[in-house]
Every structure is written in structure tokens, then in C-alpha cells.
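A.B. asks: The following block contains the structure, expressed as C-alpha cells.
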Amino acid sequence: MFGEYTPLMKPGLLKRRLANGRAKLHPQLGLEKLCPRCGEFWPQDTLFWAECLSRPDGLQTWCKACTAEHQRVQSKAA
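When we follow the numbering used here, the leftmost residue of the sequence shown carries the number 44, and every step to the right adds one.
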């Protein structure tokens, strides 16, 4: 719960994501990122998104809740 942070994005990437609707600026919460799996916007920080240094924004594609749900389903199927 402590030690969360928001990775910095390059200005061009931020501009593209805001333009195509995959990110938005919330007045109180700041920058939010769209999870394509659940369709919800979540604050773009490591409390809601797992770190992934190979991604352009430094965060996983799915939010932590969707990733956990996917892993639960996969483990039950195995």
C-alpha cells in the first residue's frame, strides 16, 4: 500500500492516449488509464496496475483486479 508510484510517460504517448480515449485526466485523481478487459478507468499508478518495464508506460495492460481474476480462472481450469 505504501511505495506506489506513477511511472512517467513520454509526452507523445500521453498525448496519443488522451486523444484515443485510452487515458483521461480526472480532476481529483489525476491521470487514469483504461483497462481493456473490464472497460474501467483506474488511476495510473502501481496501486491499481502491476509494473511492467517492457511496456511504453511501465505498467501492465490489464488492471490488477482483472489480472488476478484471469489467473484464478486459469488455475481452476488447469
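Think of the CB as a built atom: it goes at the ideal place given N, C-alpha and C, for glycine as much as any other residue.
Under DSSP, the alpha helix (DSSP H) around G101 begins and ends at which residues?
C.D. replies: Reading the sequence shown from its first residue, position 58 is the one you call residue 101. No alpha helix (DSSP H) contains G101, which DSSP labels as neither H nor E.
A.B. asks: Our contact map puts D100 next to L56 with C-beta atoms below 8 Å; I'd like the distance itself, whole angstroms only.
C.D. replies: Here residue 100 corresponds to residue number 57 of the sequence shown, with the count starting at 1. Here residue 56 corresponds to residue number 13 of the sequence shown, with the count starting at 1. D100 to L56, Cβ: 7 Å. Contact.
A.B. asks: If we count Cβ pairs, one from each stretch, closer than 8 Å, do we get three or more for the segment 108-118 versus the segment 57-65?
C.D. replies: They do not touch, by the three-pair rule.
A.B. asks: Beta-carbon of T110 versus every beta-carbon of chain D: anything under 8 Å?
C.D. replies: The structure shown contains no chain D; it holds only a single protein chain.
A.B. asks: Let me know the secondary structure DSSP gives K76 once reduced to three states.
C.D. replies: Numbered from 1 along the sequence shown, position 33 holds the residue referred to as residue 76. Three-state DSSP puts K76 in a strand.
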